[in-house]
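These notes concern the structure reproduced below.
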Amino acid sequence: MKTITYRDALKEALVEEMERDDAVFLMGEDIAEYGGAYKVTDGLFQEFGKDRIRNTPISEAAIIGTALGAAVTGMRPVAELMYIDFTAVGMDQIVNQVAKIRYMVGGQLDVPLVIRTQGGAGRSSAAQHAQSLEAWFVHIPGLLVVMPSTPYDAKGLLKTAIRDDNPIMFIEHKLLYTEEGEIPDEEYTIPLGVADVKREGEDITILATSRMVLNALIAADTLAAEGISAEVIDPRTLMPLDKDSILDSVKKTNRLLIAHEAVGRAGFGAEIAALVVREAFDYLDAPIERVAAAPVPVPFAPVMENFVIPNADQIADAARKLVRYEI
Amino acid sequence: MSKPSKDQMLYMYRKMLEIRQFEEAAGTLYQSGQLPGFLHLYIGEEATAVGVCAHLQDDDYITSTHRGHGHLIAKGGKRDRMMAELFARTTGYCKGKGGSMHIADKETGILGANGVVGAGIPLAAGAGLSAKLRGTQQVAVSFFGDGATNQGVFHETLNLAAVWELPVIFVCENNRFGMGTPQREHQRVEDIAAVRAPAYDMPGITVDGNDVLKVYAAVDEAVTRAREGGGPTLLNCDTYRFRGHHIGDPGTSYRDREEVQEQERQRDPIRRLAAVLIEEEGMTQDELSALETELANELEAALEFAKSSPEPLPEDALNDLYAGSIQP
């Protein structure tokens, strides 16, 4: 095992897959000499050359459409969109073209395309550089959505995503890039659609995604000191979704709290709540609760940003209430 | 300027007829309620698709539009499987999942008609990038209309293709109307190639898009340049839509009937090539009529194939979305 940052874990995945398969190439804004806005691709152009590490114009629709054209004709592009907020600029290509082409043409064309992007708040990047928009893409049939929370998951899932023949939104978090974790020295991959229990517990299930997994683990520590045993489960891939692991956890703990950084309204948590109510209603000893961002754009002032984005204390508070809930 | 051989001219005549017959039959079927969905006819614009695709190999790529039947037939799409798709049958190119606006055929490099104006343009650039990275001599052609040249992705893609010197030919079919809005009302530019090509530092050519020999000659140069690594070209084909935007639009509220009739009289691409074949290549009207009958019989068989093909099962709707074992 070795300790590595989330950023370097992603880079290792890119390097290994590019070495493994000549069809893999990278394209995006400032990914070559600049190294990517968050430096994930730093130095790669020196190793692989600018044919395979391609700087693009600032043209999100053309980036996605061109990557799609390459994907359906024998290549395996990894296209980077600098901020998930900018997916809105290229949305026709993602939603009407990438997601649907295979289906529309009766399955003739595979789309081995990874769209790497990053979201999330916490750096005062304000309303157009800090959103959590994963629910948009989960909602569109045809797209797969991956949101790793640890270096181990980031590397293993990115390698799998690059080898998969479906279009995948691979959503990183800007505050996770410097987080460290352990990964094996030898090669590994992680299958899509397999959740990971990040901490086992008995009294309540906290389902969290992306950076909220870290906050949920802090909350679980706090709760443990009070005698509450919280299980933290990270679906890791929102589509496909490991429903069985989520249901198994809820059936064990009988309580469910969902924590994500996107706004709650029509968010991914609502989908999880609907799933659990339908499939495990009889096991629930308390209502399902969600901890999510306030339904406003992400504000600039740190004090307001901190107010809007969920923290570990809010997760712990919500968990306490559910554990104390009496029917 | 290259002139095609008599055989090549006959091939193009044949392809234009195949398109015209297909479109006329589809229009009739649609009006009698036999086809679901939308139908956008290519009648009058055949010379553009055929003059361009006459230069392409099976493994070259095209992307098409909502008005795509002509491009598909010109690139090698089979009329029976296209007609089956219009009838929403399992033997259609998309097994009934796409319909008129989404027909594709991987085997002949047809990456799909497209329901969103301009959206196929970057796909062609991507196919060109793929060919370049794989080191093949393949080229990609994107067909789109004058209306699409006002979309952002047109400008984004021309810029990107020029910067990367991609083997792509951007073919604007200027049929003079963006749906029902005349070109002079939707853009200040009249000659799209003369103005837009220099903006992205690529060669631009404008030709009479209803003269298949002129289109053929112009594309020869562009395809050769692309195959030799010389980058993209913007070709502007001045054509005219003889029918309305779609079946259901008579096409007379935004243009004069006389204008349409004048275009049909003077600029029918099929009649123009027939005149050349007779006057310059020594063919007879009887020979051309015999060919027409042969192709009409072939279309009749295609119709029979389509109508007798099975309809999909309702639950087939759940197939073909994902590669591998992932379920919707």
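Just so you know, the protein sequences line up as chains A and B, in that order. Counting from 1, one number per residue, gives the positions in the first sequence under the working numbering. Counting from 1, one number per residue, gives the positions in the second sequence under the working numbering. Note that CB positions come from ideal geometry on N, CA and C, so glycine has one too. Here the structure is a predicted model, which means the values were calculated and not measured.
Close-in-space but distant-in-sequence residues of the same chain around residue i (CB under 8 Å, 5 per side omitted)
i	result
Leu284/A	Val250, Asn254, Arg255, Leu256, Val276 and Val277
Leu288/B	Tyr13, Ala274, Leu277 and Ile278
Leu3/B	The question names Leu, yet the displayed sequence has Lys at residue 3/B. Same-chain partners within the cutoff: Leu213 and Ala217.
His55/B	Tyr216, Val219, Asp220 and Val223
Asp146/B	Cys172, Glu173, Asn174, Asn175, Arg176, Phe177, Gly178, Gln183, His186, Gln187 and Ile192
Asp185/A	Met1 and Lys2
Ala162/B	Tyr200, Asp201, Met202, Gly231 and Pro232
Val138/A	Val145, Leu238, Met239, Phe268 and Glu271
Met16/B	Glu46, Ala47, Val50, Val212, Pro269, Ile270 and Leu273
Residue burial classification, residue i (beta-carbon count within 10 angstroms, cutoff 16)
i	result
Ile53/A	buried
Phe177/B	buried
Leu41/B	buried
Glu231/A	buried
Ile58/A	exposed
Gly109/B	buried
Ala329/B	The first residue shown for chain B is 1 and the last is 328, placing residue 329/B beyond what the model contains.
Phe300/A	exposed
Pro310/B	exposed
Lys1/A	Contrary to the premise, residue 1/A reads as Met rather than Lys in this sequence. Met1/A comes out exposed.
Leu329/B	An answer regarding residue 329/B cannot be provided, because it is not within the stretch 1 to 328 covered by chain B.
Asn297/B	exposed
Arg116/A	buried
Leu313/B	exposed
Gln97/A	buried
Glu202/A	exposed
Ser329/B	The structure shown has nothing for residue 329/B, since chain B only spans 1 to 328.
Ala302/A	Here the sequence assigns Pro to residue 302/A, which means Ala is not the residue at that position. With fewer than 16 other Cβ atoms within 10 Å, it is exposed.
Met63/B	Checking the sequence, you will find Thr at residue 63/B rather than Met. When all chains shown are included, Thr63/B counts as buried.
Ala191/A	Reading the sequence as shown, one finds Pro at residue 191/A and not Ala. Exposed: under 16 other Cβ atoms inside 10 Å.
Arg102/A	buried
Phe25/A	buried
Own chain, CB closer than 7 Å to residue i, minus 5 neighbours either side, in chain order
i	result
Gly92/B	Arg81, Ala84 and Glu85
Arg267/B	Asn210 and Tyr240
Thr5/A	Pro151, Tyr177, Thr178, Glu179 and Glu180
Val153/B	Gly118, Ala119, Ile121 and Pro122
Gln131/A	Ile84, Asp85, Gly119 and Val298
Pro198/B	Gly204
Val296/A	Val308
Contacts around residue i, its chain only, beta-carbon distance under 6 Å, and the 5 residues preceding and following it disregarded
i	result
Gly128/B	Ala140, Leu166, Pro167 and Val168
Gly68/B	Ala113
Ala220/A	Arg199, Ala230 and Val232
Gly99/B	Gly37
Asp165/A	Asp110 and Pro112
Gly181/A	Thr150, Pro151 and Tyr152
Ala154/A	Tyr6, Ala9, Leu10 and Pro148
Ile140/A	Val95 and Ala99
Tyr61/B	Gly109, Leu111, Ala127 and Ala140
Val189/B	Val195
Gly122/A	Leu175
Determine, using beta-carbon pairs with one atom in the region 171-188 of chain B and one in the region 101-114 of chain B, whether at least three such pairs fall under 8 Å.
-> No contact exists between the region 171-188 of chain B and the region 101-114 of chain B.
Can you list, in chain order, the residues of the region 21-35 of chain A whose Cβ is nearer than 7 Å to any Cβ on chain B?
-> Answer set for the region 21-35 of chain A: Phe25.
Interfacial residues, the region 302-323 of chain B to chain A, with Cβ spacing under 8 Å | From the region 302-323 of chain B, only Asn319, Asp320, Leu321, Tyr322 and Ala323 have a Cβ closer than 8 Å to chain A.
Contained alpha helix (DSSP H) runs [length at least 4] in the region 19-106 of chain A, N- to C-terminal order = As far as the region 19-106 of chain A is concerned, its whole alpha helix (DSSP H) runs of at least 4 residues are 44-48, 60-71 and 101-104.
Is the region 206-220 of chain A touching the region 306-324 of chain A in the sense that three or more CB pairs, one from each, lie closer than 8 Å?
-> As far as the Cβ criterion goes, the region 306-324 of chain A touches the region 206-220 of chain A, which means the pair count is three or higher.
Below 8 Å, can you find three or more Cβ-Cβ pairs linking the region 72-85 of chain A to the region 111-120 of chain A?
-> Taking a cut-off of 8 Å for Cβ pairs, the region 72-85 of chain A and the region 111-120 of chain A touch, as three or more such pairs fall below it.
Contact list for the region 38-67 of chain A against chain B, Cβ threshold 7 Å | Those would be Asp51, Thr56, Pro57, Ser59, Ala61, Ala62, Gly65, Thr66 and Ala67, in chain order.
Write down every uninterrupted run of the beta strand (DSSP E) in the region 138-194 of chain A whose length is 3 residues or greater and which is fully enclosed by it, in chain order.
-> If we require 3 residues or more, the beta strand (DSSP E) runs fully inside the region 138-194 of chain A come out as 144-146, 168-173 and 180-183.
Counting pairs of beta carbons, one from the region 120-127 of chain A and one from the region 41-50 of chain A, are three or more of them closer than 8 Å?
-> The answer is no - the region 41-50 of chain A does not touch the region 120-127 of chain A, with fewer than three Cβ pairs under 8 Å.
Counting pairs of beta carbons, one from the region 101-108 of chain A and one from the region 288-298 of chain A, are three or more of them closer than 8 Å?
-> Counting C-beta pairs with one atom in each stretch, the region 101-108 of chain A and the region 288-298 of chain A have fewer than three that are closer than 8 Å, which means they do not touch.
Can you list, in chain order, the residues of the region 87-112 of chain B whose Cβ is nearer than 7 Å to any Cβ on chain A?
-> Here the close residues are Tyr93, Cys94, Lys95, Lys97, Gly98, His102, Ala104, Lys106, Leu111 and Gly112.
May I ask you to list, following chain order, the residues of the region 46-74 of chain B that have a beta carbon less than 8 Å from some beta carbon of chain A?
-> Those would be Tyr61 and Thr63, in chain order.
Which ranges does the alpha helix (DSSP H) cover as unbroken runs of at least 4 residues, wholly within the region 220-258 of chain A, from first to last along the chain?
-> For the region 220-258 of chain A, whole alpha helix (DSSP H) runs of length 4 or above, ordered along the chain, are 243-253.
Alpha helix (DSSP H) segments (min. 4 residues) lying fully within the region 39-122 of chain B | Segments of the alpha helix (DSSP H) lying fully in the region 39-122 of chain B: 46-53, 69-75 and 79-86.
Going along the region 94-119 of chain A in order, which residues come within less than 7 Å of chain B, judged by CB to CB distance?
-> Answer set for the region 94-119 of chain A: Asn96, Gln97, Ile101, Arg102, Tyr103, Met104, Val105, Gly106, Gly107, Gln108, Leu109 and Asp110.
Interface residues of the region 146-159 of chain A facing chain B [CB-CB below 8 Å] = For the region 146-159 of chain A, there are no residues whose beta carbon sits under 8 Å from a beta carbon of chain B.
Taking only runs that begin and end inside the region 148-203 of chain B, name each unbroken beta strand (DSSP E) of 3 or more residues, in chain order.
-> For the beta strand (DSSP E) assignment, the uninterrupted runs of no fewer than 3 residues enclosed by the region 148-203 of chain B are, from N- to C-terminal side, 168-174.
Quick one, which residues of the region 174-204 of chain B are near chain A if we go by CB-CB under 8 Å, in chain order?
-> Within the region 174-204 of chain B, no residue has a Cβ that lies closer than 8 Å to any Cβ of chain A.
What residues in the region 133-149 of chain B have a beta carbon less than 8 Å from any beta carbon of chain A?
-> Contacts with chain A (Cβ-Cβ distance below 8 Å) from the region 133-149 of chain B involve Leu133, Arg134 and Ala140, listed in chain order.
May I ask you to list, following chain order, the residues of the region 148-170 of chain B that have a beta carbon less than 8 Å from some beta carbon of chain A?
-> Per Cβ criterion, the list reads Gly152, Val153, Glu156, Thr157, Asn159, Leu160, Val163 and Trp164.
Residues from the region 191-210 of chain A in contact with chain B, defined by Cβ distance under 8 Å = Those would be Leu192 and Gly193, in chain order.
Between the region 70-81 of chain A and chain B, which residues of the former have a C-beta closer than 9 Å to a C-beta of the latter?
-> For the region 70-81 of chain A, which is checked against every Cβ of chain B, the residues closer than 9 Å are Ala70, Ala71, Val72, Thr73, Gly74, Met75 and Pro77.
Given a limit of 8 Å on CB to CB distance, which residues of the region 303-321 of chain A reach chain B?
-> From the region 303-321 of chain A, no residue has a Cβ closer than 8 Å to chain B.
Identify each residue in the region 166-193 of chain A for which the Cβ-Cβ distance to at least one residue of chain B is less than 9 Å, and report them in chain order.
-> Residues passing the 9 Å Cβ filter: Asn166, Leu192 and Gly193.
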